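Residue numbers (UniProt numbering): 1 to 801.
All residues carry an ideal CB built from backbone N, CA and C; glycine is no exception.
Keep in mind that this is a model prediction, so the values were computed, not measured.
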């Protein structure tokens, strides 16, 4: 029986079990509930106070010295401590905080729990400075306080609360409380905390002290100490405690046997481990296993470790289960069942940190099957939550160790990233997919990738993939073929490629996909990009005669055509267009307003009216709000410096952009940061602002494009920070999947030349570029000749190199 087995069962995480009383509502799903240890002498259990039970009656005590009456402020300190302890008042305050309202319930619960612990600890430290109040704390108060600091021991980041709980019990042991005694159950808790914090010697010292004072200590306490000794491979100390248990007339429990065998295996004593198991096998399953595998020691240990792994899973000791996996893998035993069970348990109970650590274990142990299984399950889980960032991180970790993610999983990740417009990750994944599985990428995936790149305005990359999609269209199902053709029409409309439009239009006609209207609308936009106003007007007339009539998109394009033809007379014509739309029952939409915003000056009454309508429109999407923010930021940049604008973004108050929008967040996208980074990278004195913007962009889950990295590389070169520029090159290659090319290094060289350091520019050309197999184009060669002419032998600078 494990030390953890005395915590009462809970929904969700049922981790290491201890003893104390606490209201279930006080702790999170992942926090263990402490229950009183029912010892053989039937110790009375004191019920835990809850929010519906009055505060405990505080016993008065005779002061040690003549003291003045307690000041009201001090009394309030004790009162606030108990309010927070039993009713979590800071949690109520946090729940009303709008800054965390956008998080999921689980995240809010975690934030509230941490805030409440922080508040409790702060008041506890203040109480220690006021002995009159500190001495009034009762046994119940201390039990509840310790219980509030129990956290998930499977997560290493939760060691902080465990450390605090240990020191609260240490205060109790040192008799700092007048109304509370250090009991056996407190000693056992303290030993447990020491084992979780890996204080091996401290845990043993406490156990020795407890056995001398109370004689009978629960077996679960021995199990906890022996478990930490086993992890640290201290076989001699394990033997000492085995002898001690034997002298008490006790038999080794199942968990003790587990610890002994794990320690022996860790120290390469497989024969000794098998021999010990044959002599000590508590439980019917282990007894049957020993009988069945009596002649095969290796199979006996292999299957016994599977049994111990299931024990760990049932007792919610998932890190111990990970350790069993590592030991089995090291000795070449079967591990797939352990990986599957641990992975399912971790993911479906929300302990993703354990699943991530298991993935690290499989990668470290060079376990291809285990790593692929972990990556598959984790990526699928993150995709179900639409968490592309973490899903991509799992893929990246596999790539770094040269492990391949299964095709089906990789395609699912690629498709979801494309649908959610993570265009940088989409392009990286697509390129890697083509390298690994060139013949197996689904047509649907390619179409989604193309749409993603077009919507993200990555037209150069989209142009490459459009050639692949175009060849596949005749073989696609009608619905998917329609989606692909719409993407091609959109690309032609955005890039002005009339030849691409013509090929797409022929495919539409050939396959009879009924996209004539969509195609003609894109042709109008295509001509506008080329600046061919007359062809655009002619196409609009074709729409009117060959379809059911122009729609709102066509009228928006007609407005653009009118402005391009004659801006001075365009405003009256736009009003005529709006009047005509009303006559033919075409309602202007938000895209109409966005289109019109580009036509009016900042002082125009119409522009202010359009802003107001878009801001207050109930149907305006987040994309509409981001569009408005980007326009406002662009306009404001012409009046304010980049220091003010970056501060505005970091303050995140939309009221500074639009009156009446106070305390609303500023919705942003990648373009927002590009606008600000363009302004920040003009002058080297703003390099720190550029880096802050870059970090903010990354913290929001946005991966910068290659152009953004190149701006940072250029400004770092002009600043003379060559090593940082090189780090940004490495980061660019890692994040975007694009290798630094001649254009990237040209920006670096130009930056160094502007700084007046031609010798470093020469080093970049002759070393970095050659080392990375980058061909020197005529422009770079010309720069190199110019640099060498400056660095003549008569030049003092060259002599100093």
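Residues near residue 534 by beta carbon distance below 6 Å, same chain, minus five either side: Nothing meets the Cβ criterion.
Which residues in the same chain as residue 724 place their Cβ atom closer than 6 Å to its Cβ, once the five residues preceding and following it in sequence are excluded? Excluding residues up to 5 positions away in sequence, 716 lie with their Cβ nearer than 6 Å to the Cβ of residue 724 in the same chain.
How long is the line joining the alpha carbons of residue 256 and residue 309, rounded to whole angstroms? Here the alpha carbon of residue 256 sits roughly 14 Å from the alpha carbon of residue 309.
Inter-residue CB distance, residue 187 and residue 142 (contact presumed, cutoff 8 Å): Not really, about 14 Å apart at Cβ, beyond 8 Å.
Between the C-alpha atoms of residue 361 and residue 702, what's the straight-line distance to the nearest angstrom? Spanning the two alpha carbons is a distance of roughly 29 Å.
Using 10 angstroms around the beta-carbon of residue 60, count the other beta-carbons present and answer buried if the total reaches 16, otherwise exposed. In this prediction, residue 60 scores a pLDDT of 36, lower than 50, which makes its location untrustworthy; no coordinate-derived value is stated.
Three or more C-beta pairs under 8 Å: does that hold for the region 282-297 against the region 227-241? Contact fails: fewer than three Cβ-Cβ distances are below 8 Å.
Kindly confirm or deny that the region 294-304 and the region 232-240 touch, where touching means at least three C-beta pairs closer than 8 Å. In this structure the region 294-304 does not touch the region 232-240; the number of beta carbon pairs closer than 8 Å is below three.
CB of residue 373 within 8 Å of CB of residue 416, strictly: Not a contact, by the Cβ cut-off of 8 Å.
Could you tell me which residues DSSP puts in a beta bridge with residue 138? Answer by DSSP bridge pairing, in chain order: 179.
Would you call the region 604-619 and the region 577-587 in contact, with 3 or more CB pairs under 8 Å? Segments in contact, no.
Answer yes or no: do residue 343 and residue 386 have a C-beta to C-beta separation smaller than 8 Å? With respect to the 8 Å criterion, residue 343 and residue 386 are not classified as neighbours on the basis of their beta carbons.
C-beta atoms of residue 553 and residue 521 nearer than 8 Å: With respect to residue 521, residue 553 sits close: the two C-beta atoms are nearer than 8 Å.
Rounded to a whole number of angstroms, what is the C-alpha to C-alpha distance between residue 115 and residue 629? Whole-angstrom Cα-Cα distance: 34 Å.
Separation of residue 740 from residue 557, as counted between CA atoms: Computed Cα separation, rounded: 39 Å.
If I follow the unbroken alpha helix (DSSP H) through residue 474, where does it start and stop? Under the DSSP assignment, residue 474 falls outside any alpha helix (DSSP H); it carries neither an H nor an E label.
For residue 336, count the other beta carbons within 10 Å of its own beta carbon; 16 or more makes it buried, fewer makes it exposed. Which is it? That one is exposed.
To the nearest angstrom, how far is the alpha carbon of residue 194 from that of residue 209? Taking the straight line from one Cα to the other gives about 14 Å.
By how many angstroms is the C-alpha of residue 719 removed from the C-alpha of residue 593? Computed Cα separation, rounded: 43 Å.
Inter-residue CB distance, residue 462 and residue 485 (contact presumed, cutoff 8 Å): The Cβ separation is near 14 Å, so there is no contact.
Which residues bound the alpha helix (DSSP H) around residue 313? Element bounds for residue 313: 297-314.
Roughly how far, in whole angstroms, is the beta-carbon of residue 561 from the beta-carbon of residue 528, given that I think they are within contact range, below 8 Å? The Cβ separation is near 6 Å, so the contact holds.
Taking the beta carbon of residue 351 as the centre, do at least 16 other beta carbons fall within 10 Å, making it buried, or is it exposed? Looking at its Cβ environment, which holds 16 or more other Cβ atoms inside 10 Å, residue 351 is buried.
Just the Cα atoms here: how many angstroms apart are residue 660 and residue 618? If you take the alpha carbons of residue 660 and residue 618, they lie about 16 Å apart.
Closer than 8 Å is the cut-off here; do at least three beta carbon pairs connect the region 651-660 with the region 686-702? No, because fewer than three Cβ pairs between the region 651-660 and the region 686-702 fall closer than 8 Å, the two stretches do not touch.
What's the call for residue 770, buried or exposed, on a 16-neighbour Cβ count within 10 Å? So residue 770 counts as exposed.
Between the Cα of residue 200 and those of 233, 537 and 267, spot the shortest distance and give me the residue it belongs to. Comparing Cα-Cα distances from residue 200 to each of 233, 537 and 267, the minimum goes to 233.
Rounded to the nearest angstrom, what separates residue 469 and residue 456 at their Cα positions? When rounded, the distance between both Cα atoms is 18 Å.
Residue from 704, 700 and 729 whose Cα sits closest to the Cα of residue 714: Of 704, 700 and 729, the residue nearest in Cα terms is 729.
Which complete alpha helix (DSSP H) runs does the region 402-458 hold, if anything under 4 residues is left out? The region 402-458 contains these whole alpha helix (DSSP H) runs: 407-419, 423-436 and 443-455.
Identify which residue in 272, 271, 263 and 222 has its Cα closest to the Cα of residue 252. For the residues 272, 271, 263 and 222, the minimum Cα distance to residue 252 belongs to 222.
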